[in-house]
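*Asks:* Residue numbers (the working numbering): 3 to 304. For each residue, glycine too, the CB sits at the ideal point set by N, CA and C.
What follows is the structure, encoded as structure tokens:
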């Protein structure tokens with residue numbers, strides 16, 4: 003993962019946010035790190051001054067008044083979590099729609115009291131630029147009810163491979179394929195040339211999921227395109243930081259060209275701080291250079 007350097011920007015604290023023009027919403031004041039898909043030289047301090055989040059008709063939307071009219075696209079990247087975990091935040095993509103000189107998009111909210119950190123990535127004719135990060139507190143912004151119910155299904159790869167990354171020392175290839183177990187797409191992971199192992203990970207499962215009483219763990223389906231192999235799994239807290247800890251499941255799960263379900267139960271995490279869980283690591287091994295498939299990543303609820 004490539005990360006940009008520290009970038010210091012500015013956001014009002016929760017107690018101050020209510021005095022803003024848009025309650026509960028403002029620029030982030032502590033140090034942040036942008037995700038690796040945002041080049042450091044694309045971050046702009048100007049041009050996005052009017053960006054904000056607001057509640058309208060019981061829905062939270064991110065608005066960009068006065069957006070340039072020559073933009074090809076604009077995307078809101080949003081992450082529902084407390085500020086922090088910058089190297090392993092779960093960023094979700096929401097494509098903005100344009101109306102005259104304004105752009106906006108509705109962002110679903112599952113937890114009214116959980117901050118939503120967001121920024122805009124705008125593609126123009128000659129360059130792609132990113133705004134600074136903002137954060138909105140949905141309840142203070144005026145949202146009275148969640149706009150998305152809790153759902154145990156975390157990823158089916160119908161919307162690209164966002165939230166997943168290669169973490170091997172040598173890069174493999176991460177994409178989506180039509181060879182799905184369910185739906186239209188699955189995650190396809192190709193070993194680096196000449197190699198038989200590749201490690202991938204995801205930020206989709208969060209500490210707040212593991213803390214839910216009805217959640218007993220996570221499950222995922224894996225297979226190879228051809229040949230045999232095995233997979234090892236780890237649940238990581240404070241991933242990629244100096245405080246990183248992990249619970250490694252001791253079992254090597256055999257995999258073949260047939261879909262196999264793997265369950266990672268919360269009871270197997272030992273003393274791992276569930277609150278800080280932010281990454282699931284999957285180490286894939288094969289007997290020959292291979293392509294692996296992953297699908298239907300979800301919480302186990304009883």
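Quick check: the stretch 157–171 against the stretch 187–198, are there 3 or more CB pairs under 8 Å?
*Replies:* Result yes; three or more Cβ-Cβ pairs closer than 8 Å.
*Asks:* Please list, in chain order, all residues of the same chain as residue 116 whose beta carbon is under 8 Å from its beta carbon, the five residues on each side excluded.
*Replies:* Correct list, in chain order: 82, 83, 84, 140 and 210.
*Asks:* Check whether the Cβ atoms of residue 136 and residue 53 lie closer than 8 Å to each other.
*Replies:* Cβ distance < 8 Å, so residue 136 and residue 53 count as in contact.
*Asks:* Using 8 Å as the threshold, is the stretch 241–251 in touch with the stretch 289–304, meaning 3 or more CB pairs across them?
*Replies:* In short, these stretches do not touch, since the Cβ pair count stays below three.
*Asks:* Measuring alpha carbon to alpha carbon, tell me which residue in 138, 95 and 252 is nearest residue 25.
*Replies:* Nearest option by C-alpha distance: 138.
*Asks:* Is it a yes or a no for the stretch 63–70 touching the stretch 104–123, going by three-plus beta-carbon pairs under 8 Å?
*Replies:* Segments in contact, yes.
*Asks:* Inspect the beta-carbon positions of residue 197 and residue 291 and report whether they are closer than 8 Å.
*Replies:* Yes, Cβ-Cβ distance for residue 197 and residue 291 is below 8 Å.
*Asks:* For the putative contact between residue 282 and residue 237, defined by C-beta atoms under 8 Å, what is the C-beta separation to the nearest angstrom?
*Replies:* With 8 Å as the limit, residue 282 and residue 237 qualify as a contact, their Cβ atoms being about 6 Å apart.
*Asks:* Just reading off the beta strand (DSSP E) that residue 212 is part of, what are its end residues?
*Replies:* Counting along the chain, residue 212 falls outside any beta strand (DSSP E), though it belongs to the alpha helix (DSSP H) covering 209–212.
*Asks:* Do residue 44 and residue 182 come within 8 Å of each other at the CB atom, strictly closer than that value?
*Replies:* Result no, Cβ atoms of residue 182 and residue 44 do not sit closer than 8 Å.
*Asks:* Please classify residue 190: does DSSP put it in a helix, a strand, or coil?
*Replies:* Strand.
*Asks:* Please state whether DSSP places residue 43 in a helix, a strand or coil.
*Replies:* Residue 43: helix per DSSP, three-state reduction.
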